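Asker: Listed in order, the protein sequences are those of chains A and B. Just so it is clear: in the first sequence, position 8 is 1456 by the working numbering, and no numbers are missing. Just so it is clear: in the second sequence, position 43 is 178 by the working numbering, and no numbers are missing. One structure, pasted below without further comment.
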Amino acid sequence: MSSPGANPYVKVQDHSITFRNQKSRGYALRNFSFTAAKGEVIGIVGESGSGKSILGLSLLGLLPESAIVDTREVILGGEKILLTSKSDLRKVRGPILGMIFQDPVNSLDPCYTIGYQLKEVLQRNPKVKNWLTEARQLLEGVGIADGERRLGSYPHELSGGLCQRVQIALALAQNPKVLIADEPTTALDVTIQKQVMELLMRKREEYDFTLILISHDLGLISQYCDRTLVLYAGEKMEEGPAVEVLRHSRHPYTRALLEALPYHDEGLLKPIPGLVPDLREMPKGCVFYGRCERQTEMCQTVKPQLTTDGTHGFFCHHPHPVKEQHGASRV
Amino acid sequence: MKIWLIKRLGLFLITAIGMSILSFLVLRLVPGDPVQLLIGERGAAPEIYAKLRQNLGLDRPLLEQYFLFVKNFLSGDLGISIVSQRPVWQEFMDRFPATLELSAFSLLWSLPLGLCLGILAAFKNGTWLDTSTMSISLVGYSMPIFWWGLILIMIFSVRLGWTPVSGRIALMYDPATVTGFYLIDTLISGEGFRSALVHLILPAFVLGTIPLATVSRITRSSLIEVLGEEYIKALKARGFSSKYILFVHALRNAFIPILTTIGVLVGSLLTGAILTETLFSWPGIGRWFVQSVTSRDYPVVQSGILLLGLMITFINLIVDSLYGVVNPRLRAR
């Protein structure tokens, strides 16, 4: 791990993931790249199966052994990381890259108290002198008022929302430079969702980490993210400032996602026909071919290249025209 | 915790009553007359028959018989063995240390080894190490004990002459009973330790085979399941090493099924390993029990079933109370 000063804070370049047990080489993630600045909030949106969860796990080296990760460059928190190096990965997990999982209750060991699990993590942090005071502060910091009592609680004694707060506290205990939140609110009630998201945003300001928010929820993304990446079948479709991408989406896939939202303006909910293609039978050209409204013959064979229109970039042969105001105002 | 304990004890009591009824009825439900069965095919004079019936208390009403049995049992009178004419309790206490020694010794090597093999197999899941360990344990698990014992006797006792064929100690030694464990008693008296040891090795090995296989398999499968849990992934993401996660987190979570299995194993071994004890002429309660059934020693069978049943229930009670210690989710339900 080297750390020259000129590196961007977060950079992932040409990140590809395949799985060994597939006969033909299908990509779970293909030539995926993004960068992020310190303190920025990046949203990664996509349907299930689009490869968004795999991204986080691959950066932590937590994919099953059958996964082959091929990357040109990974920079996290300003430091170059070799995903193939075990010692690099050991340094990354926790202090550099923290992760919050979707299912808060099952992400805590049921056999140990909250206090024990906090202590365990805090004792890994060399800067922490007294874990108990630190643990109390952390719990208070994530909005658990009676932290003292909660230290002795077991995960099954807490609600999902509280468990998610504890998970956030556990991640913050190591003061990570980058935090990946993988569907952090999916398993929670709507009211709790908002609280947890606000908490995450407050903590981002306080700790100044880069937040990578993985979600299928476009509303969440547009509300909290600075920039958005739309992922489909392991490939990036569109990226740019969150509001730009959602208000003035150019890519038919982003547009289709928006139209499939239940509170969409133009009347009827419009599902995207078909399913995410099987990783082994990926179209040669655009991966959205077959489900796209605007497809032509060209889309089947020629892979679209990145087009930029000033504010954001997209991969499409036949993008929606710029001017057309798309009704995503309530998103 | 208190409520839990009271509930458990209540359950224990109900089970005990059920068992007493069952053990009481077993011989009375045998087709035909138990006294007739006792006397055998040649028959006996009617006076002797009547006397025997009276001695066994069989001439009284069934309910009265039952309460007498329970009352005697509770006051420590388990009846007199017909074959040996000694109190059943004494007979039992004569043999129980032998069973205890044999089962303790066989569990002493098989449980730790089984745990280690299971952990190793789970940790190296999918590798040749895992496959070979589990294949061998499957062979061990499905091995008929009497056959396995005979093979070992043939090799080690008959061919190689390393171990004696049967018994607990050579006839020339008679260690004074202090603990009832010959291994310890011979050490105290200063002679015969070697003899006690070589007598013990083969039966303990045979008796430990199935516990070894069972424990290693349950440890492996339970651990593999736990290692796939979300919190294990989360712990890895927080930077803990796989070994730390395995020993501190995964093992504790995986321990409930392992504990249950160990409880069942301990229970079944303590109540006498019938096949092993018979095969090696080990003077334990398993063999005694089989002999009593074949010789229709009916007070022994009746009290013996209840005694062994109570022991198993008691071990289960201990195992149950350990659940909460291992896994807080099971506490105070």
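C-beta atoms are modelled at their ideal positions from N, C-alpha and C, and glycine is treated no differently. Because the structure is a prediction, the values reported are computed rather than measured.
For A/R1541, go through chain B and note every residue whose CB falls closer than 9 angstroms to its CB, in chain order.
Answerer: Walking along the first sequence from the start, residue 1541 of chain A turns up at place 93. Within chain B, the residues near A/R1541 are K371, A372, R373, G374 and F375.
Asker: Which runs of the beta strand (DSSP E) fall wholly inside the stretch 171–199 of chain B and span at least 3 residues, in chain order?
Answerer: Within the stretch 171–199 of chain B, no complete beta strand (DSSP E) run reaches 3 residues.
Asker: When the Cα atoms are used, what is the spatial distance from A/E1488 to A/M1649?
Answerer: Along the first sequence, one-based indexing puts residue 1488 of chain A at 40. Along the first sequence, one-based indexing puts residue 1649 of chain A at 201. In a straight line, the C-alpha of A/E1488 is about 10 angstroms away from that of A/M1649.
Asker: How do the stretch 1552–1560 of chain A and the stretch 1659–1671 of chain A stand: do at least 3 beta-carbon pairs fall below 8 angstroms, yes or no?
Answerer: With the cut-off at 8 angstroms, the stretch 1552–1560 of chain A and the stretch 1659–1671 of chain A do not touch.
Asker: What do you get for A/P1452, buried or exposed, if any count of 16 or more other CB atoms within 10 angstroms of its CB means buried?
Answerer: Mapped onto the first sequence, residue 1452 of chain A falls at position 4. Note that A/P1452 scores a pLDDT of 47, beneath 50, so its modelled location is shaky and nothing firm can be said.
Asker: According to the neighbour-count rule (16 or more other Cβ atoms, all chains shown, within 10 Å of its Cβ), is B/R355 buried or exposed?
Answerer: Translated into positions along the second sequence, residue 355 of chain B becomes position 220. Counting Cβ neighbours within 10 Å, B/R355 comes out buried, since at least 16 surround it.
Asker: Compare the C-beta of B/N260 against all C-beta atoms of chain A and say whether one is closer than 8 angstroms.
Answerer: One-based indexing of the second sequence puts residue 260 of chain B at position 125. No, no contact with chain A.
Asker: With A/E1707 and A/K1718 assumed to form a contact (beta carbons below 8 angstroms), what rounded beta-carbon distance in angstroms separates them?
Answerer: Along the first sequence, one-based indexing puts residue 1707 of chain A at 259. Along the first sequence, one-based indexing puts residue 1718 of chain A at 270. The Cβ separation is near 4 angstroms, so the contact holds.
Asker: Tell whether a beta-carbon distance below 8 angstroms holds between B/L335 and B/L414.
Answerer: If you number the second sequence from 1, residue 335 of chain B lands on position 200. If you number the second sequence from 1, residue 414 of chain B lands on position 279. Not a contact, by the Cβ cut-off of 8 angstroms.
Asker: Counting only Cβ pairs nearer than 9 angstroms, list the residues of chain A close to B/N462.
Answerer: Sequence index remark: in the second sequence, residue 462 of chain B carries index 327 (1-based). Near B/N462 (Cβ distances below 9 angstroms), the residues of chain A are P1558 and C1559.
Asker: When the Cα atoms are used, what is the spatial distance from B/L332 to B/L235?
Answerer: Here residue 332 of chain B refers to the residue found at position 197 of the second sequence. Here residue 235 of chain B refers to the residue found at position 100 of the second sequence. Using only the alpha carbons, I get a separation of about 15 angstroms.
Asker: So, is the C-beta of B/H334 closer than 8 angstroms to a C-beta in chain A?
Answerer: Working through the second sequence from its first residue, we reach residue 334 of chain B at position 199. For B/H334, the answer is no, since every Cβ of chain A falls outside 8 angstroms of its Cβ.
Asker: Determine the DSSP secondary structure at A/G1504, reduced to helix, strand or coil.
Answerer: Residue mapping note: residue 1504 of chain A aligns to position 56 of the first sequence, counting from 1. It is helical.
Asker: What residue range does the alpha helix (DSSP H) around A/I1592 cover?
Answerer: Taking the first sequence and counting its residues from 1, the one referred to as residue 1592 of chain A is at position 144. No alpha helix (DSSP H) contains A/I1592, which DSSP labels as neither H nor E.
Asker: Just how far apart, CA to CA, sit B/A348 and B/L394?
Answerer: On the second sequence, position 213 is the one that residue 348 of chain B refers to. On the second sequence, position 259 is the one that residue 394 of chain B refers to. Taking the straight line from one Cα to the other gives about 15 angstroms.
Asker: Looking at A/E1692 and A/H1766, is the spacing between their C-beta atoms short of 8 angstroms?
Answerer: As a working note, residue 1766 of chain A is residue 318 in the first sequence. As a working note, residue 1692 of chain A is residue 244 in the first sequence. No, the Cβ-Cβ distance between A/H1766 and A/E1692 is not below 8 angstroms.
Asker: Quick one: residues in its chain with C-beta nearer than 6 angstroms to the C-beta of B/G253, no 5 flanking neighbours on either side, listed in chain order?
Answerer: In the second sequence, counting from the first residue as 1, residue 253 of chain B sits at position 118. S351, T354 and R355, listed in sequence order.
Asker: Note down, in chain order, each residue of its chain lying with its Cβ closer than 7 angstroms to the Cβ of A/S1450, except the 5 sequence neighbours on either side.
Answerer: Here residue 1450 of chain A corresponds to residue number 2 of the first sequence, with the count starting at 1. At A/S1450, the pLDDT of 44 sits below 50, so the modelled position is not reliable; the number obtained from the coordinates is stated separately. Within the same chain, A/S1450 has close Cβ partners K1528.
Asker: So for B/T413, helix, strand or coil by DSSP?
Answerer: Residue mapping note: residue 413 of chain B aligns to position 278 of the second sequence, counting from 1. In the structure shown, B/T413 sits in a helix (DSSP, three-state: H, G or I).
Asker: Under the DSSP definition of a beta bridge, which residues are partnered with B/I359?
Answerer: Mapped onto the second sequence, residue 359 of chain B falls at position 224. The partner list for B/I359 (beta bridge, DSSP) is empty, contrary to what the question assumes.
Asker: Determine which residues of the stretch 341–372 of chain B have a Cβ less than 9 angstroms from any Cβ of chain A, and write them out in chain order.
Answerer: Within the stretch 341–372 of chain B, the residues whose Cβ lies closer than 9 angstroms to some Cβ of chain A are E364, E365, Y366, I367, K368, A369, L370, K371 and A372, listed in chain order.
Asker: Looking at chain B, is there any beta carbon in it that lies within less than 8 angstroms of the beta carbon of A/T1759?
Answerer: Taking the first sequence and counting its residues from 1, the one referred to as residue 1759 of chain A is at position 311. With 8 angstroms as the cut-off, A/T1759 does not count as an interface residue toward chain B.
Asker: Using three-state DSSP, classify A/K1684 as helix, strand or coil.
Answerer: For the purposes of this step, residue 1684 of chain A is taken as residue 236 along the first sequence, with counting starting at 1. It is a strand residue.
Asker: When the distance is taken between beta carbons, is A/L1679 closer than 8 angstroms to A/G1491?
Answerer: Walking along the first sequence from the start, residue 1491 of chain A turns up at place 43. Walking along the first sequence from the start, residue 1679 of chain A turns up at place 231. For A/G1491 and A/L1679, no; Cβs fall outside 8 angstroms.
Asker: Quick one: is A/I1592 buried, meaning 16 or more other Cβ sit within 10 Å of its Cβ, or exposed?
Answerer: Taking the first residue of the first sequence as 1, we reach residue 1592 of chain A at position 144. Answer is buried; the Cβ neighbour count reaches 16.
Asker: Along the stretch 1544–1558 of chain A, what residues have a CB closer than 7 angstroms to any CB found in chain B?
Answerer: The stretch 1544–1558 of chain A vs chain B, Cβ under 7 angstroms: M1547, F1549, D1551, N1554, S1555, L1556, D1557 and P1558.
Asker: So, is the C-beta of A/R1652 closer than 8 angstroms to a C-beta in chain B?
Answerer: Within the first sequence, the letter at position 204 stands for residue 1652 of chain A. A/R1652 does not count as touching chain B.
Asker: Using the three-state DSSP reduction, which class does B/I304 fall into: helix, strand or coil?
Answerer: As a first step, residue 304 of chain B must be located in the second sequence, where it is residue number 169. Reduced to three states, the DSSP call for B/I304 is coil.
Asker: In chain B, which residues lie with their C-beta within 8 angstroms of the C-beta of A/Y1602?
Answerer: Residue numbering aside, residue 1602 of chain A sits at position 154 when the first sequence is read from its first letter. The contacting residues are P463 and R464.
Asker: Between A/R1541 and B/S377, what straight-line distance do the alpha-carbon atoms span, to the nearest angstrom?
Answerer: Counting from one through the first sequence, the residue named residue 1541 of chain A turns up at place 93. Counting from one through the second sequence, the residue named residue 377 of chain B turns up at place 242. Their Cα atoms are separated by approximately 13 angstroms.
Asker: With DSSP as the reference, label A/E1488 as helix, strand or coil.
Answerer: As a working note, residue 1488 of chain A is residue 40 in the first sequence. Reduced to three states, the DSSP call for A/E1488 is coil.
Asker: Is there a Cβ of chain B sitting closer than 8 angstroms to that of A/R1598, yes or no?
Answerer: Along the first sequence, read from residue 1 onward, the residue named residue 1598 of chain A stands at position 150. Judged by the 8 angstroms Cβ criterion, A/R1598 is not in contact with chain B.
Asker: Between the stretch 1540–1555 of chain A and the stretch 360–371 of chain B, do three or more beta carbon pairs fall short of 8 angstroms?
Answerer: Yes: at least three Cβ pairs fall under 8 angstroms.
Asker: Going by DSSP, which residues form a beta bridge with A/E1521?
Answerer: Position 73 of the first sequence, counting from 1, holds the residue named residue 1521 of chain A. Looking at the DSSP assignment, A/E1521 forms a beta bridge with A/Q1461.
Asker: Would you report the Cα separation of B/I319 and B/A311, rounded to the nearest angstrom?
Answerer: Reading the second sequence from its first residue, position 184 is the one you call residue 319 of chain B. Reading the second sequence from its first residue, position 176 is the one you call residue 311 of chain B. Using only the alpha carbons, I get a separation of about 10 angstroms.
Asker: Compare the C-alpha of A/E1683 against each of A/R1695, A/G1733 and A/S1514 and name the closest.
Answerer: Taking the first sequence and counting its residues from 1, the one referred to as residue 1683 of chain A is at position 235. The residue with the shortest Cα to Cα distance from A/E1683 is A/G1733.
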